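*Asks:*
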Amino acid sequence: MNRNDSPQSGNLALKSGAWYVASSIMVKAVSIITTPIFTRLLSKMEYGAVATFTSWYSLLAVFCTLNLTYSIGRAKLDMRGDLGNYIGSMQLLSGLVSFAILAVSVIFINPVSSFLELSKSATILLVVYLFFGSSISFYQNGFRYRYKYKQNIAVAWYTALATVFFSLLFVLSHDTNRDEWRMLGITLPTVLLSSSFWIHAIRHKRLVYNKEYWRYGLALSLPLILHTLSLNLLSQSDRIFISKICGTEDTALYSLVYNYSLLLSIVMNAIADGWLPWFHDNYFAGNNEMIKKSSKKLVVLGCYIGLGCIAVAPEAIAVLGGKDYLPGLPCVLPIVLGVVCQYIYTHYVNIEMHLKKTKYVSEGTIFATVLNLILNAIFIPMFGFVVAAYTTLVSYLALMIVHFVITRKKLGVKLYDDAFMFGIMIGTSAVGFIVTLVYDYMAIRYGLTAIGFVTFLVYFREYIKQAIDKAKAGN
37 MNRNDSPQSG NLALKSGAWY VASSIMVKAV SIITTPIFTR LLSKMEYGAV ATFTSWYSLL
97 AVFCTLNLTY SIGRAKLDMR GDLGNYIGSM QLLSGLVSFA ILAVSVIFIN PVSSFLELSK
157 SATILLVVYL FFGSSISFYQ NGFRYRYKYK QNIAVAWYTA LATVFFSLLF VLSHDTNRDE
217 WRMLGITLPT VLLSSSFWIH AIRHKRLVYN KEYWRYGLAL SLPLILHTLS LNLLSQSDRI
277 FISKICGTED TALYSLVYNY SLLLSIVMNA IADGWLPWFH DNYFAGNNEM IKKSSKKLVV
337 LGCYIGLGCI AVAPEAIAVL GGKDYLPGLP CVLPIVLGVV CQYIYTHYVN IEMHLKKTKY
397 VSEGTIFATV LNLILNAIFI PMFGFVVAAY TTLVSYLALM IVHFVITRKK LGVKLYDDAF
457 MFGIMIGTSA VGFIVTLVYD YMAIRYGLTA IGFVTFLVYF REYIKQAIDK AKAGN
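To convert, take the position in the sequence shown, counting from 1, and add 36; that gives this note's numbering.
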């Protein structure tokens, strides 16, 4: 396919992206809704052990997959017609790495479990979870980039519902070691589904060593390991500093607000992931003006959602944690703006990913992480836990500027309306600040929220009308 060929059907891409976004949000909602159930069924120690288990999975999955899933979007364009074999080759490579980690963990089970602060049986469950979990990631990304949204939704819903079902079944059936039974409930659905994917890959002879594919995938993905690890550190370092300097009570206040912002992050990430396959196809086809126009709408949508989260924050914090957590309210504005900023700069990162310049992605994230650590070390002892939210915002703003400079200066790409991107970030910050000034005046605050909602309906009226018309037509 040359750059003048038509990309994937716009309607299919739109439908796939919309369903992906909606499904991702609903699946995450299942996890959030069921959290209070498990906090009551498990003791604090057991719940903490499960949290440690899932945290280690998130971190170690980076090494097991080698971030090879990041290469699939670009590989779809470079290896047109052979994406299935490419994914199978990446699955094999990731499986070999995961098996090596599993073998080492079993052989050195005592020091490994001690280091992870998990029991031996929990450690075994973790490495099994890591081995089988990677293949699901490859298949889901393959579905997403080929616009097979029904398969992707089925996988997501199966994982969410089966995890809840088995976890409740195991936990309610046992009076001891409920944390490990909960871990088994998390691991078993993944093992069952992943086994079917491995069987499928074997039957279709997809698990093949391909030196060219491995070199291609590793060249794109290995530099992103530092990026992923740095992002994790960037998101976790605030709470570590607050805990050490200010104490656990302030950490609890900050953590609740941060968890509230995760709801926004879930929506933003779902929108960004749904847009990404469409972006790759159209950028490859040279439809730059279409991308420029669509990106504006997408960014405006994210800013509206962010402002909505800021507007209802007092009530949301009270519901999530009670009135005792309201002292953390000043953290909402900078944390939410940080999420919005991250959402905006991802558009620049997409260019770097498409052009296979993944080393720049890691360099930018490492810079922002180091900056965040320095700012936390200087200002948290001086001003307390609230300033940690602002140091995070500053770090994300710096990251946005870094990626803007990389795409414009180093890569020589001018794809977006950069003045619009930075201008709307400033405008969103200003409006968000005004909303926080009237937190104590509910009538005024909800009046402003109503005005914002009306402007949202007016701005997106064409898209809303099209969606209604398609719904009536059964499409």
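Quick reminder that beta carbons are idealized off the backbone N, C-alpha and C, glycines included. Please read these numbers as outputs of a predicted model, since none were measured by experiment.
(1) Does DSSP put Gln44 in a helix, in a strand, or in coil?
(2) Which value, in whole angstroms, describes the spacing of the CA atoms of Met219 and Ser125?
(3) State the DSSP-derived secondary structure class of Asn268, mapped to helix, strand or coil.
(4) Taking the C-alpha atoms as reference points, what is the distance between Leu298 and Leu243?
(5) Excluding the five sequence neighbours on either side, which residues of its own chain have a C-beta within less than 6 Å of the C-beta of Met115, listed in chain order?
(6) From what residue to what residue does the alpha helix (DSSP H) around Leu152 run?
(7) Tell whether a beta-carbon distance below 8 Å holds between Leu269 and Thr405.
(8) Report the rounded CA-to-CA distance for His236 versus Ser173, giving the unit in angstroms.
(9) Apart from the five residues just before and just after Asn412, which ones in its own chain have a Cβ nearer than 8 Å to its Cβ?
(10) For the region 194-273, which segments carrying the alpha helix (DSSP H) assignment without a break, of at least 4 residues, lie completely within its bounds, in sequence order?
(11) State buried or exposed for Phe201, treating a residue as buried only when at least 16 other CB atoms are found within 10 Å of its CB.
(12) Does the region 325-343 come into contact with the region 293-311, if we say contact requires no fewer than three beta-carbon pairs (one atom in each stretch) closer than 8 Å?
(13) What number of angstroms, rounded off, separates the C-alpha of Cys345 from the C-alpha of Val372?
(14) So, with DSSP's three-state summary, where would you put Asn305?
(15) If you draw a straight line from the C-alpha of Leu204 to the C-alpha of Leu267, how long is it?
(16) Suppose only complete runs of 4+ residues qualify. What are the alpha helix (DSSP H) ranges in the region 118-182, listed by chain order?
(17) Got a sec? Which residues, its chain only, sit under 7 Å from Gly483 by beta carbon, not counting five neighbours each side?
(18) In this structure, how does DSSP classify Met115 when only helix, strand and coil are distinguished?
(19) Could you spell out the range, first to last residue, of the alpha helix (DSSP H) harbouring Thr443?
(20) Work out the CA separation of Ile145 and Ile302 for me, nearest whole Å.
(21) To the nearest angstrom, report how far apart Leu228 and Val163 are at their CA atoms.
(22) Answer yes or no: do Val397 and Leu254 have a C-beta to C-beta separation smaller than 8 Å?
(23) Would you grab the beta carbon distance between Val375 and Leu300 for me? Rounded to a whole angstrom, and I think it's under 8 Å.
(24) Identify, in the order they occur along the chain, each residue of the same chain with its Cβ nearer than 8 Å to the Cβ of Tyr93, setting aside the five sequence neighbours on each side.
(25) Count the other CB atoms, across all protein chains shown, that sit within 10 Å of the CB of Lys186; report buried if there are 16 or more and exposed otherwise.
(26) Which same chain residues end up closer than 8 Å to Gln176 when comparing Cβ atoms and leaving out the 5 residues on each side of it in sequence?
(27) Tell me whether the beta-carbon of Ile380 lies closer than 8 Å to the beta-carbon of Met326.
(28) Just to confirm before moving on: does the CB-CB distance between Gly488 and Tyr319 stay below 8 Å?
(29) Tell me which same chain residues have a C-beta within less than 7 Å of the C-beta of Val98, skipping the five on either side of it?
(30) Rounded C-beta distance between Trp217 and Phe206? I'm assuming under 8 Å.
(31) Identify the continuous alpha helix (DSSP H) that holds Ser465 and give its terminal residues.
(32) Look at the Cβ atom of Tyr377, then the Cβ atom of Leu447, and state whether they are nearer than 8 Å.
(33) Where do the N-terminal and C-terminal ends of the alpha helix (DSSP H) with Lys328 fall, by residue?
(34) Figure out for me which residue from Ile222, Asp476, Asp215, Arg214 has the closest Cα to the Cα of Tyr194.
*Replies:* Judging by the given coordinates:
(1) Translated into positions along the sequence shown, residue 44 becomes position 8. A caution first: Gln44 carries a pLDDT of 47, below 50, which makes its placement in the model unreliable, though a value can still be read off. Three-state result, Gln44: coil.
(2) As a first step, residue 219 is located in the sequence shown; it is residue number 183 there, counting from the start. As a first step, residue 125 is located in the sequence shown; it is residue number 89 there, counting from the start. If I take the Cα positions, the gap works out to 29 Å.
(3) Numbered from 1 along the sequence shown, position 232 holds the residue referred to as residue 268. The answer is helix: DSSP assigns Asn268 an H, G or I state.
(4) Along the sequence shown, read from residue 1 onward, the residue named residue 298 stands at position 262. Along the sequence shown, read from residue 1 onward, the residue named residue 243 stands at position 207. Using only the alpha carbons, I get a separation of about 36 Å.
(5) Locating residue 115 in the sequence shown gives position 79, counting from the first residue. So the qualifying residues of the chain are Tyr122.
(6) Here residue 152 refers to the residue found at position 116 when the sequence shown is read from its first residue. Start and end: 145-152.
(7) Residue 269 sits at position 233 when you count from the first residue of the sequence shown. Residue 405 sits at position 369 when you count from the first residue of the sequence shown. Yes. Within cutoff.
(8) Mapped onto the sequence shown, residue 236 falls at position 200. Mapped onto the sequence shown, residue 173 falls at position 137. If I take the Cα positions, the gap works out to 15 Å.
(9) The residue given as residue 412 occupies position 376 in the sequence shown. Result list for Asn412: Ser273, Asp274, Phe277, Ala424, Thr427, in chain order.
(10) 214-239, 247-257
(11) Against the sequence shown, residue 201 aligns to sequence position 165. Looking at its Cβ environment, which holds fewer than 16 other Cβ atoms inside 10 Å, Phe201 is exposed.
(12) yes
(13) Walking along the sequence shown from the start, residue 345 turns up at place 309. Walking along the sequence shown from the start, residue 372 turns up at place 336. Distance between the alpha carbons of Cys345 and Val372 is about 8 Å.
(14) The count along the sequence shown starts at 1 and reaches residue 305 at position 269. Helix.
(15) Mapped onto the sequence shown, residue 204 falls at position 168. Mapped onto the sequence shown, residue 267 falls at position 231. Each residue's alpha carbon lies about 32 Å from the other.
(16) 119-143, 145-152, 156-181
(17) Within the sequence shown, the letter at position 447 stands for residue 483. Closer than 7 Å at the Cβ level, and outside the excluded window around Gly483, lies no residue.
(18) In the sequence shown, counting from the first residue as 1, residue 115 sits at position 79. Note: Met115 maps to coil in three-state DSSP.
(19) Position 407 of the sequence shown, counted from the start, is the residue given in the question as residue 443. Premise fails: Thr443 is in no alpha helix (DSSP H) and is neither H nor E.
(20) Taking the first residue of the sequence shown as position 1, residue 302 is located at position 266. Taking the first residue of the sequence shown as position 1, residue 145 is located at position 109. If you take the alpha carbons of Ile302 and Ile145, they lie about 35 Å apart.
(21) Within the sequence shown, the letter at position 192 stands for residue 228. Within the sequence shown, the letter at position 127 stands for residue 163. Between Leu228 and Val163, the C-alpha separation is close to 15 Å.
(22) Reading the sequence shown from its first residue, position 361 is the one you call residue 397. Reading the sequence shown from its first residue, position 218 is the one you call residue 254. Not a contact, by the Cβ cut-off of 8 Å.
(23) In the sequence shown, counting from the first residue as 1, residue 375 sits at position 339. In the sequence shown, counting from the first residue as 1, residue 300 sits at position 264. Their Cβ separation, rounded to whole angstroms, is 5 Å, which keeps Val375 and Leu300 in contact under 8 Å.
(24) Locating residue 93 in the sequence shown gives position 57, where the first residue counts as 1. Excluding residues within five positions, the ones whose Cβ falls inside 8 Å are Leu162, Tyr165, Leu166, Gly169.
(25) Working through the sequence shown from its first residue, we reach residue 186 at position 150. So Lys186 ends up on the exposed side.
(26) Residue mapping note: residue 176 aligns to position 140 of the sequence shown, counting from 1. Asn188, Val191, Ala192, listed in sequence order.
(27) Here residue 380 corresponds to residue number 344 of the sequence shown, with the count starting at 1. Here residue 326 corresponds to residue number 290 of the sequence shown, with the count starting at 1. No, Cβ-Cβ distance for Ile380 and Met326 is not below 8 Å.
(28) Translated into positions along the sequence shown, residue 488 becomes position 452. Translated into positions along the sequence shown, residue 319 becomes position 283. No, the pair does not count as a contact, with Cβ atoms beyond the cut-off.
(29) In the sequence shown, residue 98 corresponds to position 62, counting from 1. These residues qualify, in order along the chain: Ile261, Thr264, Leu265.
(30) Taking the first residue of the sequence shown as position 1, residue 217 is located at position 181. Taking the first residue of the sequence shown as position 1, residue 206 is located at position 170. Trp217 to Phe206, Cβ: 4 Å. Contact.
(31) Taking the first residue of the sequence shown as 1, we reach residue 465 at position 429. Run containing Ser465: 454-473, per the alpha helix (DSSP H) assignment.
(32) Counting from 1 along the sequence shown, the entry for residue 377 is found at position 341. Counting from 1 along the sequence shown, the entry for residue 447 is found at position 411. With the sequence shown as reference, residue 377 is identified as Cys, and Tyr is not the correct amino acid for it. Not closer than 8 Å, so no.
(33) Counted from its first residue, the sequence shown places residue 328 at position 292. From DSSP, the alpha helix (DSSP H) with Lys328 extends over 324-347.
(34) Within the sequence shown, the letter at position 158 stands for residue 194. Among Ile222, Asp476, Asp215, Arg214, the Cα nearest to that of Tyr194 is on Ile222.
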